[in-house]
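In the UniProt record's numbering, the protein residues as written are 1 to 274.
In this text, a Cβ means the ideal position worked out from N, Cα and C, and glycines have one as well.
To keep things clear, I will list the structure first and then write my remarks on it.
Next up, the structure:
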């Protein structure tokens, strides 16, 4: 699943290609993309609308239109966008395409069909699901507030950092990397993490994700930002990789476990269990 750096890379790529374009038609091949709206309502809201801005909140991509309509897109596991200057043959995983007034097209592909779209208005989109419960990114987190919440649980710190209502944008890759950089075992009970250490984890998470963003994100499996463009940060990962057999710092063998169903990498020497 694309995490915060990858989503931001996609947003920038989309802005470069489709900002200020006018939607003339929408072709939907898989209605299950819409959890709340009918295809007719979807088309009515977006046809002849101009894309005025594209941004993100956590892992959600937010399209803002000139008619006050908001389209919220979540890529989930395998969602991806492709842009074409003219009509092109449909990809086998095509779910939907936007056709613009200049004949260019934006295609949404999703081999797993887990991606979602929600229609909102400019007045309420942050107050309703799916965005209303999304927390801030690591750099904007109130550390005191998060620390107080973690003091109430023995759940593993990695599991809590993956909770998008606590910290937005962190996923499996960057939680592992941030915990390694901070010398914290991912299985440590959350209540045992000091406020100082929590701040260190969040600071490292932001630094790591900023660097990943600069390098186009991490392509470990199938991630691409737009039109098959892959990231490079996977080449700079310190622990979250099956290719890394021994710790790059101490040469201890890396252990891989399952933590709440997530593949989790640990250096038993460098990462302390609190």
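Legend entry - Supposed close pair residue 236, residue 3 - CB separation, criterion 8 Å: Incorrect: roughly 15 Å between the Cβ atoms, too far for contact.
Inset, instruction - In the DSSP assignment, find the alpha helix (DSSP H) that holds residue 184 and state where it starts and stops. - result: Run containing residue 184: none; DSSP gives neither H nor E here.
Legend entry - Where residue 73 falls, given that 16 or more other Cβ within 10 Å makes a residue buried: buried
Legend entry - Continuous beta strand (DSSP E) stretch holding residue 141: start and end: Segment: none, residue 141 is in no beta strand (DSSP E) and carries neither H nor E.
Legend entry - Beta-carbon proximity of residue 217 to residue 28, cut-off 7 Å: no
Legend entry - Bridge-paired residues (DSSP) for residue 73: 61, 117
Legend entry - Uninterrupted alpha helix (DSSP H) stretches inside the stretch 19-66 (no shorter than 4 residues): 39-46
Inset, instruction - Enumerate in chain order the residues of its own chain whose CB-to-CB distance from residue 262 is below 6 Å, with the five nearest sequence positions on each side excluded. - result: 172
Inset, instruction - Starting from residue 282, follow the alpha helix (DSSP H) in both directions and report where the run begins and ends. - result: The structure shown does not extend to residue 282, since the chain is modelled only from 1 through 274, so no value can be given for it.
Inset, instruction - Could you check the C-alpha separation between residue 21 and residue 117 for me, to the nearest Å? - result: 19 Å
Legend entry - Enclosing beta strand (DSSP E) for residue 291 [first to last residue]: In the structure displayed, the chain extends from 1 to 274; residue 291 sits before or after that span and is not available.
Legend entry - Inter-residue Cα distance where the pair is residue 57 and residue 238: 27 Å
Inset, instruction - Within the same chain, show all residues whose beta-carbon is closer than 6 Å to that of residue 48, passing over the 5 residues directly before and after it, in chain order. - result: none
Inset, instruction - Run the CB neighbour count on residue 31, radius 10 Å, all protein chains shown included, and call it buried at 16 or more, exposed below. - result: exposed
Inset, instruction - Grab me the residues of residue 198's own chain with a C-beta within less than 8 Å of its C-beta, minus the 5 sequence neighbours each way, in chain order. - result: 143, 146, 147, 150
Inset, instruction - Report the three-state DSSP secondary structure of residue 135 (helix, strand or coil). - result: coil
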